[in-house]
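According to full-length UniProt numbering, the stretch in the sequence shown is residues 1 to 84, in order.
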Amino acid sequence: MVNFKATLALKPIEKRKIFRQRAVPFPLQDNIEAELAQLEEAKIITIVCHSVWAAPIVAVTVKDDKLRLCGEYKETINTILVVD
1 MVNFKATLAL KPIEKRKIFR QRAVPFPLQD NIEAELAQLE EAKIITIVCH
51 SVWAAPIVAV TVKDDKLRLC GEYKETINTI LVVD
């Protein structure tokens, strides 16, 4: 999808959750850093100094030894998302 924007309805909350980063397997570190740099260069993600939201990422190896980065939102946004 190109230029797709979505709006999420959230329940009122008192405190947002921020989690520490998870340990990254040493053999994947360079690949993860390269993927993050590519996502930043494509302006899909941006570096921020401080955030009110933070969720850990999970690195999954897919075809041809490529890497897919996924956000783990089970304990953050999923808990306050309004589902129709």
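A virtual CB, placed ideally from N, CA and C, is assigned to each residue, including glycine.
Item, Value
"Could you name the residues that DSSP lists as bridge partners for Leu-67?", "Thr-61"
"What residues match up with Ala-54 in a beta bridge as DSSP calls it?", "Ile-18"
"When the Cα atoms are used, what is the spatial distance from Ile-57 to Arg-22?", "8 angstroms"
"Check Leu-8 in the structure and name its three-state DSSP category.", "coil"
"How many angstroms separate the CA atom of Leu-36 from the CA atom of Val-60?", "13 angstroms"
"Looking only at its own chain, which residues have a Cβ that is under 7 angstroms from the Cβ of Ala-54, when we skip the five neighbours before and after it?", "Ile-18 and Phe-19"
"Across which residues does DSSP place Leu-81 in a beta bridge pair?", "Leu-10"
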